[in-house]
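Listed below in structure tokens is the structure:
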């Protein structure tokens, strides 16, 4: 097992190049199944979630190869069965392969999807959308099977917004017969990027920014070359890390338009920033004020994925920060670990209160991707040495995380056992 040992008290200064988006590229990889040619994904992040999805595509029969940061996927045949593939059980996005396999073969079978433990993550909305398009769905204790002779366009209204279910419905509908209208969709940037990617493959998709998506089915899609967009959550994580240690960071390829809610919170802390071209320059020397109230929400609100990194930074701010979590009901594992470090935090239902704390190094355990990143942020600001265990969660979504931190001035060592 691997862990990080971090000595706190050192500022972060320098340039960060924002990696390709994890949450955007995984649906694109699933979408590659819909065509029989080659998809090239440029700027693809080399993270464990991408490698897991690549393995699933290979099991299905796809051929893959890397050239630097470009991933090529050839899908001349995709006739595998993922019901026994343990890798699918590690990855939440594996469920998106159901929609793609239905669109390509009229049949798909996967192991129940995994991912981080951050509360209930049911698949009922995915199944509702696929059934509405004409698929039959059966479940076992370990997996999900979907089958359809031919999917048909329909009108689907989601009772609540779900990024994954929206993406799965789009993937299934782009090759269905007729027109599909999806109401009540999530409009996160990752959904919008998936639709742009599908259009580059020849799909007819429109309206994704409005929450009402119209899809006119095409019998066949084709290969494409596409640049993976920068990762807004990774950028927000680096922003909170800089705030926690009062550093000055430059973000290359910063998705500033997608970061407005996060930058507003950073400004309220006392952070200063400016934008020149695709570079975001940040100055955290005046950071210090607690942000009275932040509520997580779907885009364009403050993203739930940055709740834990925000709380880590908030532990260094004068006053009390209140954060209400509205998306997942159990995304507080990192807070319990922060308390071990001396964080003055209180959890009351979906609300977390964080006050200025004297953080001290100790041994803590990452329990999910973003919570693990939050523990690293807290360790950077803590007195003494902190050991973060189960860092495989962190490496699911952050490319060369300790190496980048070291280049920025952090004292971090990787310990292998």
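Residue numbers (full-length UniProt numbering): 1 to 417.
Ideal Cβ placement from N, Cα and C applies to all residues, glycine included.
| task | Report the rounded CA-to-CA distance for residue 76 versus residue 62, giving the unit in angstroms. | result | 7 angstroms
| residue 40 by DSSP, collapsed to three states: which one? | strand
| query | For residue 354, which of helix, strand or coil comes out of DSSP? | reply | strand
| Separation of residue 375 from residue 325, as counted between CA atoms | 18 angstroms
| task | Please say whether residue 80 and residue 151 have beta carbons closer to each other than 8 angstroms? | result | no
| task | Check the DSSP bridge columns for residue 344 and list the partner residues they point to. | result | In DSSP, residue 344 forms a bridge with 355.
| Taking the runs of the alpha helix (DSSP H) that are 4 residues or longer, which of them lie wholly in the stretch 74 to 114? | Listed in chain order, the complete alpha helix (DSSP H) runs (minimum 4 residues) inside the stretch 74 to 114 are 96 to 105.
| request: Report yes or no: do three or more beta-carbon pairs, one from the stretch 308 to 321 and one from the stretch 200 to 207, lie closer than 8 angstroms? | output: No: fewer than three Cβ pairs fall under 8 angstroms.
| message | Relative to the C-alpha of residue 235, which candidate in 15, 8, 4, 5 has its C-alpha closest? | response | 15
| field | Runs of beta strand (DSSP E) lying entirely within the stretch 305 to 342, each at least 3 residues, in chain order | value | As far as the stretch 305 to 342 is concerned, its whole beta strand (DSSP E) runs of at least 3 residues are 320 to 324.
| said: For the stretch 393 to 402 against the stretch 259 to 277, do three or more pairs of beta-carbon atoms, one drawn from each stretch, fall closer than 8 angstroms, so that the two count as touching? | reply: Using a C-beta cut-off of 8 angstroms, the stretch 393 to 402 makes no contact with the stretch 259 to 277, since fewer than three inter-stretch Cβ pairs fall below that distance.
| query | When you compare each of 232, 237, 186, 226 to residue 212 by their alpha carbons, which one comes out closest? | reply | 186
| Rounded to whole angstroms, how far is the Cβ of residue 96 from the Cβ of residue 208, which I believe are closer than 8 angstroms? | Residue 208 and residue 96 do not touch by the CB rule: their CB atoms are close to 16 angstroms apart, not below 8 angstroms.
| request: Have a look at 125, 60, 390, 341 and flag the residue whose alpha-carbon is nearest the alpha-carbon of residue 381. | output: For the residues 125, 60, 390, 341, the minimum Cα distance to residue 381 belongs to 341.
| DSSP puts residue 230 in a beta bridge; with which residues? | Residue pairing from DSSP places residue 230 in a beta bridge opposite 20.
| query | Tell me, which residues are paired with residue 281 by DSSP? | reply | 250, 274
| field | Sufficient close CB pairs (3 or more, under 8 angstroms) joining the stretch 23 to 43 to the stretch 52 to 66 | value | yes
| said: Run through the DSSP bridge pairs and tell me what residue 157 is partnered with. | reply: 183
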